[in-house]
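Enquirer:
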Amino acid sequence: MAGKLPKSEVEFAAEYLRAETRHPWDPSPEKQDIFDPADEKTFESRILLEVVTNYVVKHGNNLTHHDSVPHHPRGHAMELTRPLDPSYERYRYLTVMAGPSFKNIQRVQQIHGSSDYMAAYKFDTSGIIDSALVPTLVPDVWKEGDRQKDSPDEYTQEDYLWVDMTYPLREIYIPKRRYHCPRSNRLVCVYTHIDFQRKHSLTTYTYTPKQNGIPDNEYTREEPDLPPCEKERQRREPDQWPVGFRIGTQEMVQGEPSLGWGVKPEWTARFQIDALRKLPNEADAREYIKLFDSGGLVIRPGGETKLRAEKVKTNPVHRMDVPEVIRLPIPPVS
Numbered sequence: 001m002a003g004k005l006p007k008s009e010v011e012f013a014a015e016y017l018r019a020e021t022r023h024p025w026d027p028s029p030e031k032q033d034i035f036d037p038a039d040e041k042t043f044e045s046r047i048l049l050e051v052v053t054n055y056v057v058k059h060g061n062n063l064t065h066h067d068s069v070p071h072h073p074r075g076h077a078m079e080l081t082r083p084l085d086p087s088y089e090r091y092r093y094l095t096v097m098a099g100p101s102f103k104n105i106q107r108v109q110q111i112h113g114s115s116d117y118m119a120a121y122k123f124d125t126s127g128i129i130d131s132a133l134v135p136t137l138v139p140d141v142w143k144e145g146d147r148q149k150d151s152p153d154e155y156t157q158e159d160y161l162w163v164d165m166t167y168p169l170r171e172i173y174i175p176k177r178r179y180h181c182p183r184s185n186r187l188v189c190v191y192t193h194i195d196f197q198r199k200h201s202l203t204t205y206t207y208t209p210k211q212n213g214i215p216d217n218e219y220t221r222e223e224p225d226l227p228p229c230e231k232e233r234q235r236r237e238p239d240q241w242p243v244g245f246r247i248g249t250q251e252m253v254q255g256e257p258s259l260g261w262g263v264k265p266e267w268t269a270r271f272q273i274d275a276l277r278k279l280p281n282e283a284d285a286r287e288y289i290k291l292f293d294s295g296g297l298v299i300r301p302g303g304e305t306k307l308r309a310e311k312v313k314t315n316p317v318h319r320m321d322v323p324e325v326i327r328l329p330i331p332p333v334s
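Written out as structure tokens, the structure reads:
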């Protein structure tokens, strides 16, 4: 039977949480991006997702090379090949987004899958997984109309983090605070931590603009938990998208628990980051994590809220290979 999803706190020595990459179009040192939590702003600006990076299926199983999941604009596949050996496929990108509504995705970060053929072969032949911490964007506090107003009254609660379920997601780490450990003289990073490897279910919202006989207790005409300023924006900027969702549930851990949520490309997980960060330890996190059908999300390149792509350019992870991710396990804080 599905149970709770308790929140906890974990600590890592900052020296082990480093990732770096050079832009593929300009590999000079000047264009190197570094995730180093020794810098406070860098620490606060990245959420860590624990991802199974070597998950694959054999070529032709459920995926088609360069094709995509129906109604999923971000579901393209990649292929791993070697002469005389099996060919493998996985989804090309782990797509992470930020925005206050499924109709208002403002920032997008796409992280390319690993190119390590032998890691994929190991997963297929022995089931051994490689997992890594992937630094991803943290949702900004959204300003009304992006008019650069400084008054706190103009801010909503944190934007949501949206993650396409195209890679097995095992855990999430949300930055909370840092401190110096006097015993070891190390800088320690404290994260809000949620483990997805235990049995649980989540509420799902499938975009369904017309109720068409769906029972009232399984249908809503409102997106749940909209920030107040986003409600006001939608009132000011009405669009042609009628709102309606069929409500359901999804069992999240099916099969091998070490794969966490597994691959469920039909869903995009929405995390209420600020609420999760403030939860008491052992409190159930499921109230602040919901699933939306992946094809229903709308990325807004215009209007009052701009797609803030300039911030995505500095995200340090472009591919799920070392040194661009943080390989696990990490030594415990001593």
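When we follow the UniProt record's numbering, the leftmost residue of the sequence shown carries the number 1, and every step to the right adds one.
In this text, a Cβ means the ideal position worked out from N, Cα and C, and glycines have one as well.
I need the straight-line Cα distance from Arg319 to Asp216, nearest angstrom please.
Expert: Taking the sequence shown and counting its residues from 1, the one referred to as residue 319 is at position 319. Taking the sequence shown and counting its residues from 1, the one referred to as residue 216 is at position 216. Straight-line Cα distance between these residues: approximately 44 Å.
Enquirer: Pull up the distance between the alpha-carbon of Glu44 and that of Val138, whole angstroms please.
Expert: Position 44 of the sequence shown, counted from the start, is the residue given in the question as residue 44. Position 138 of the sequence shown, counted from the start, is the residue given in the question as residue 138. Looking at the two C-alpha atoms, the distance is approximately 8 Å.
Enquirer: Taking the alpha helix (DSSP H) that Lys122 falls in, what are its first and last residues?
Expert: Residue 122 sits at position 122 when you count from the first residue of the sequence shown. First-last of the alpha helix (DSSP H) with Lys122: 117-126.
Enquirer: Can you give me the C-alpha to C-alpha distance between Asp321 and Pro224, rounded to a whole angstrom?
Expert: Mapped onto the sequence shown, residue 321 falls at position 321. Mapped onto the sequence shown, residue 224 falls at position 224. Annotation: Asp321 to Pro224 spans about 36 Å, alpha carbon to alpha carbon.
Enquirer: Using the beta-carbon count (16 or more within 10 Å), is Tyr88 buried or exposed?
Expert: As a first step, residue 88 must be located in the sequence shown, where it is residue number 88. Classification for Tyr88: buried.
Enquirer: Distance, Cα to Cα, Ser114 vs Ala77?
Expert: Counting from one through the sequence shown, the residue named residue 114 turns up at place 114. Counting from one through the sequence shown, the residue named residue 77 turns up at place 77. Roughly 12 Å between the two C-alpha positions.
Enquirer: Report buried or exposed for Trp241, applying the criterion of at least 16 other Cβ atoms within 10 angstroms of its Cβ.
Expert: The count along the sequence shown starts at 1 and reaches residue 241 at position 241. By the neighbour-count rule (16 or more Cβ atoms within 10 Å), Trp241 is not buried but exposed.
Enquirer: May I have the straight-line CA-CA distance separating Tyr288 from Arg82, to the nearest angstrom?
Expert: As a first step, residue 288 is located in the sequence shown; it is residue number 288 there, counting from the start. As a first step, residue 82 is located in the sequence shown; it is residue number 82 there, counting from the start. In a straight line, the C-alpha of Tyr288 is about 43 Å away from that of Arg82.
Enquirer: Quick one: what's got a C-beta closer than 8 Å to Ala309's C-beta in the same chain, skipping five residues either side?
Expert: Position 309 of the sequence shown, counted from the first residue, corresponds to residue 309. Here the model assigns Ala309 a pLDDT of 45, short of 50, so the residue's position is not dependable and the matter cannot be decided.
Enquirer: Return helix, strand or coil for Pro209, following the three-state DSSP convention.
Expert: Here residue 209 refers to the residue found at position 209 when the sequence shown is read from its first residue. The answer is coil: DSSP assigns Pro209 none of H, G, I, E or B.
Enquirer: When the Cα atoms are used, what is the spatial distance from Pro6 to Lys176?
Expert: Along the sequence shown, read from residue 1 onward, the residue named residue 6 stands at position 6. Along the sequence shown, read from residue 1 onward, the residue named residue 176 stands at position 176. A direct Cα-to-Cα measurement between Pro6 and Lys176 gives close to 17 Å.
Enquirer: Using a 10 Å radius around the Cβ and a threshold of 16 neighbouring Cβ atoms, would you call Tyr167 buried or exposed?
Expert: In the sequence shown, counting from the first residue as 1, residue 167 sits at position 167. The residue is buried, with at least 16 neighbouring Cβ atoms inside 10 Å.
Enquirer: Buried or exposed: Glu9, going by 16 or more other Cβ atoms within 10 Å of its Cβ?
Expert: To locate residue 9, count along the sequence shown from 1; it is residue 9. It is exposed - the Cβ of Glu9 has fewer than 16 other Cβ atoms within 10 Å.
Enquirer: Measuring alpha carbon to alpha carbon, tell me which of Ala14, Glu11, Gln32, Gly3 ends up nearest Val317.
Expert: As a first step, residue 317 is located in the sequence shown; it is residue number 317 there, counting from the start. Here the closest residue by C-alpha is Gln32.
Enquirer: State the CB to CB distance for the pair Met165 and Ala269, rounded to an integer number of angstroms; the pair is presumed to be in contact (CB under 8 Å).
Expert: Counted from its first residue, the sequence shown places residue 165 at position 165. Counted from its first residue, the sequence shown places residue 269 at position 269. Right, the Cβ-Cβ distance comes to about 6 Å (below 8 Å), so this counts as a contact.
Enquirer: On the DSSP bridge list, what partners appear for Arg18?
Expert: The count along the sequence shown starts at 1 and reaches residue 18 at position 18. For Arg18, which the question treats as bridged, DSSP gives no partner whatsoever.
Enquirer: So which of Pro135, Cys189, Gly255 has the shortest CA-CA distance to Ala13?
Expert: For this step, residue 13 is matched to residue 13 along the sequence shown. The candidate whose alpha carbon is nearest that of Ala13 is Cys189.
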